[in-house]
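Residue numbers (the working numbering), protein chains in the order written: chain A, 1006 to 1242; chain B, 3 to 256; chain C, 55 to 453; chain D, 138 to 390; chain E, 273 to 591.
Laid out in structure tokens, this is it:
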């Protein structure tokens, strides 16, 4: 079950701590800020994403790839033209990942791919709440889902709480899908990152399921936001 | 207006505005609503809500105004706002000020002071607070502040916020909506008058950029006002009276 | 603004005293890539070599076997876990020419010690790629290079191309001192046995890929991937032998002050590659071909012919807003562009998808919508998937 | 620990000093002919200090216009310290290939900058920087104290305004009871030791650095020994500086 | 974001005035009062600690995440019998925008504090490195502690030292058997993890100095140590931290041993005061150490609920 906590960092404009059954991240968004000279764009805001791994110095290439994916999608969602010559900074720190214990990567080579996908999936959902919290203008909402396809099943990876089970799944393919949500309904695909062996039918199946999960998950997010707004105006009530 | 009741009207980016659903015309777009210029080209205007908040649709002077009420911490300069700026640097023609830490800096030209001449220019030091108004906002240039009413040339209460002799001052940062409410809605939100009723004597200046400047006669009184204002931001309305009483007891009538 | 730039033919001042400037094509394409792209799209063409929307660039494979392997050089492995042998020895290469862009892939081998007993059947080996885009200067890798390297690494694992089992060195030979010949049987004499048995199934190959991109044109990832795939297909493993003379016993004698001193012997094996006896790598799955697509909306207001019409019946200084109002019936149409191939396209097209597939399956899809106004719909994705299959069939003969 | 007898029954240390005896202390500036090859006409003096076998050179640049415009403070000067420990300064040559300073040196730089920022009258030099460059030619225990002492002398020689003289010594402890002042190389390696710097030889401690395990109850004695050492050192430095400046005046005349 | 946090003159004066009157901006009424410390150990994991400093009103002032990870590496050439130990402590953008995201400046406080903690543990042998050796010269454990600052309002040094020590005390590495140079690593299911050899628990305490007079005056009033020249404040908030004018840091363990005593420059303070405060630090550190041990003990009890049925020991902590 996804657990969201908003406004956890009072020092920053917007923040969120997200924990799923198997991972935990904290993200923060600040903006619009004064950018450094090299980040300055004349007609729109620059978006800087920094993801820190759960251990060790970062960002390593693993995180750079994650940053690139997150930044590209945020580019489409944030109303960048509202803040020309400014910077929107997104920071994420991965706190727990199912693969950060010694030896957890071994045994299944797919884990090497699964691990950044799990982290990124959490980062996406968490950064949406952070963006809302920071009051940066958004064009639409989005929800991210991570699905794994095994021989006979489709698995929503965020809901697997047994780490040993997660590490030993024999996935045929993995799909990370970010769907745009408009008027409470999932509409466009913002990001689709699929790896492994799959065919057209798998893809259709995955997209269908992702829509269902997104619909459900968005209700949860909406409730959180409702709570957030009433907390924001608590002194008024 | 109670907020908790109104969370039914919660608007999330990507939603359709209720007024748009009901085909009501909107003349003025308030905060949190964005008209995409991309679509404007094709006369198929699409109005986006861009922030999470509560939709607010009112009619004023025969104009329909729609906006989304939301709270935030970072101030984006808007023309005509009363702000408290911090001087961070000075140049030959202007002060460089900041309205929020790490936001883009804004300029306060010497010419925007009353009776400004080349020789008579204000001497502010870095780190000083100035109460002023946003004069011009331009997306390509830093916003410009002014320390006078540009029509009359009067001082109008703008200027340096400094501690007078025997006074103790403090500056409090809080959320923008809270500051707006304190400044504009004294009738609906009489927190400051409540405090005065409890025999607290203080002077405040409220900047829309989330800064409240407090000045009182004693250090503890300043701390007391500071504490009340910051505690009330995080407490429900009906608890405010209690907070005022408790804090006064804690700091003043020990 | 955009109209002003292109319609003025010579520098002359207009009424506001603002000089109008004319830019050469190359400059304009850097200043206003979207404008240049739109102008081309109106004509049904693309900026690079006037390609069609659904056209791919020509791909030529130029392999040069002379580059591979210098038999006299040999590689060394030390008896410890993180030894990796020098990666200078190129065992397979590929030179891919895509349009004007060259991609050179060099595969080299290393040897590492592993617990072979722990390797499962369904365990797949990675390749360690290092992508370098030639930009005329040295320095830390750019984000693009890091992303491409990492993506290759992930996609090689997820594509399940190489089984870890296939990389185990099961047979280790020994070069005799006198006879200079290499024996791979280990039944001969006892001394032999001990040495070779000790080393049996203890070592594993590691594949390194050094990939250079010259005269970059548009996104590199897909072509780099293809080049790596083609090189991988040619990969052969040499046999490994130990030169008898080179078995060293090293005694480490580091003195540590007032610490209990343990004498530690370290054995160094000089492992050498024997290219006379090569085995081909058995790929677990067919190689796949990656191709990319982008979606852009044709924007009629940016078209040059529209302006021409305007010019004929209206004043040049006509306010831009008026022009737009007159053309409200214009519709934006989405265009699927295959094989994003120039800097102009790369910068102007924000929504991209890259698909790797072989005749059976898709191996990876990476779809990123970078713009809210120009999204890739599911319909277009389907179209792109179809094209990618076609592309695979197209390139199959070269494979 | 007891491989060496650091402090024998006669009250003598390995190098023959008493427990509270300082190493010989000799400082000079380039104008006094110790280093003829350094140009006399440069705007800055090079100060050389020999404290036992520690050999330290300090040059001070500034106050000068800052190269980095972001570092300008319109109210006062900024200090920067750069310590270069030469690779041949120890018995074993430092085999570290990179030319970057190691972490210990960076720590020292940080501490020395902090230390002298309160001692130098920075308000006299607004919008400028003063950079302190230290070269350690040879080290023999208590290098940090030698560097600090040398910088103090260098600041005086360069006529930069300071509030007071800073003196520093290193202190070690043998067998939890004997305190040794101004350590040499061997003592520093095997004993719990620390460095202390005081202002003007009084009891105002400005810098303190103990990085070894050390019984809490001995701290008072440790401080006393340190303060004593510092105040003796202050006299020495004052005398030497006065002599140096007399020489300087004589030369100028 | 290399920019500094701007502290306005009004704020500076207000905070300093408050301190002079023994008041703190966050509601504390004594200069030596510390904020409440909370140690949370993540269940199901080893060496994963969250630390919180709580203000009087219950809100979290500073939050730190410490995580221990282990891997097998080749030892350093000079020390073939010892494992390696690193502390990676970075302030990233989450701690506040005044911290730069990529590089840590060499002259920054963060760098200095990180080094202090690392040398506090290494130089005093708080962690037994020889226990981490698997095969001498070839395979040793590398223990790394990552300190993530999740929220920052002062008190970093104390928290980081507490966090590192708690995490090291709590962490268990997988057990290893070596037979004929063959190394087998046992998962936690096969064999219970091995605790790290923590020999003593050093904890740092930072005393912050605020001058009551001009710096020149303090230096001039040399020998008269009776005079009160400065305020000594414990557990500064971020803003107080930026306004302070000197500090001294003491790291102690329960055995009355100083592990570190640092005063890096700043305004001078009389020697007798340093001695006085060093002795004052001891009870504070003893209390903190007990807090750490208790947190770990409670966690361990939770982990093996049924262990007490098998053990003959009495409960150590009776509430």
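No residue lacks a Cβ here, since even glycine has one placed at the ideal position from N, Cα and C. Every value quoted in this text rests on a predicted model; they were computed, and no experiment measured them.
- Taken in chain order, the unbroken stretches of beta strand (DSSP E) that lie wholly in the segment 1096-1184 of chain A and span 3 residues or more are 1146-1154, 1159-1161.
- Residues of the segment 187-208 of chain C with a C-beta atom less than 7 Å from some C-beta of chain A are 197, 200, 201, 203, 204, 205, 208, listed in chain order.
- Among the residues facing chain B, residue 1129(A) is not included, as its CB has no counterpart in that chain under 8 Å away.
- Looking at the DSSP output, residue 347(D) bridges to 331(D), 533(E).
- Residue environment analysis places residue 100(C) among the buried positions, since at least 16 neighbouring C-beta atoms fall within 10 angstroms of its C-beta.
- When only Cα atoms are considered, residue 102(B) and residue 77(B) end up about 7 Å apart.
- Per DSSP, residue 268(D) is one residue of the beta strand (DSSP E) stretching across 266-275.
- With its beta carbon at least 8 Å from every one in chain E, residue 279(D) lies outside the interface.
- When the alpha-carbon of residue 366(D) is set against those of 156(D), 241(D), 231(D), the nearest one is in 156(D).
- For residue 411(E), the beta-bridge partners assigned by DSSP are 407(E).
- Of the candidates 1241(A), 1238(A), 1242(A), 1230(A), 1230(A) places its Cα closest to the Cα of residue 1011(A).
- Annotated three-state conformation of residue 72(B) is coil, per DSSP.
- The Cβ of residue 1236(A) sits no closer than 8 Å to any Cβ of chain E.
- Judged by DSSP secondary structure, residue 200(D) falls within the beta strand (DSSP E) whose first and last residues are 191-201.
- Not one beta carbon of chain A lies nearer than 8 Å to the beta carbon of residue 348(C).
- The closest CA to that of residue 1027(A), considering only 1204(A), 1195(A), 1223(A), 1120(A), is found on 1120(A).
- Only those residues of the segment 531-559 of chain E whose C-beta falls short of 9 Å from the nearest C-beta of chain D are listed: 531, 532, 533, 534, 535, 536, 537, 538, 539, 540, 541, 542, 543, 544, 545, 546, 547, 550, 551, 553, 554.
- Counting along the chain, residue 194(B) sits inside no beta strand (DSSP E); it lies in the alpha helix (DSSP H) bounded by residues 193-199.
- Residue state for residue 194(C) is assigned as coil, using DSSP reduced to three classes.
- Nearest to residue 150(C) by C-alpha distance, out of 163(C), 285(C), 212(C), is 285(C).
- Across the set 290(D), 329(D), 246(D), the C-alpha of 290(D) shows the shortest separation from the C-alpha of residue 381(D).
- Taking the Cα positions, residue 1189(A) is about 38 Å away from residue 370(E).
- Residue 348(D) sits buried, since 16 or more C-beta atoms from the chains shown fall within 10 Å of its C-beta.
- The count of Cβ pairs closer than 8 Å, one atom from the segment 1120-1133 of chain A and one from the segment 353-365 of chain E, stays below three, leaving the stretches out of contact.
- At least 8 Å separates the beta-carbon of residue 1185(A) from that of residue 1007(A).
- Within the segment 425-467 of chain E, complete beta strand (DSSP E) segments of at least 3 residues are found at 448-451, 454-457, given in chain order.
- Using a 10 angstroms sphere on the CB of residue 111(C), the tally of other CB atoms reaches 16 or more, which defines it as buried.
- Close CB contacts of residue 74(B) within its chain, under the 6 Å cut and outside five residues either way in sequence, are with 178 (chain order).
- Distance from the CA atom of residue 154(B) to the CA atom of residue 134(B), rounded to whole angstroms, is 15 Å.
- Within the segment 351-382 of chain D, those residues whose Cβ lies closer than 7 Å to any Cβ of chain E are, in chain order, 351, 352, 353, 354, 356, 357, 360, 364.
- Inter-residue distance for residue 191(D) and residue 349(E) is about 29 Å (C-alpha atoms, whole angstroms).
- Cβ proximity to chain E below 7 Å picks out nothing from the segment 256-290 of chain D.
- Residues of the segment 229-256 of chain D that bring their beta carbon within less than 9 Å of a beta carbon in chain E comprise 238, 240, 241, 243, 244, 246, 247, 248, 249, 250, 251, 252, 253, 254, 255, 256, in sequence order.
- The contact set of residue 1201(A) on chain C, defined by CB atoms closer than 7 Å, consists of 212 in chain order.
- Taking one beta carbon from each stretch, the segment 1053-1068 of chain A and the segment 1090-1104 of chain A have 3 or more pairs nearer than 8 Å; the two touch.
- Going by DSSP, residue 478(E) is part of the beta strand (DSSP E) stretching over 475-483.
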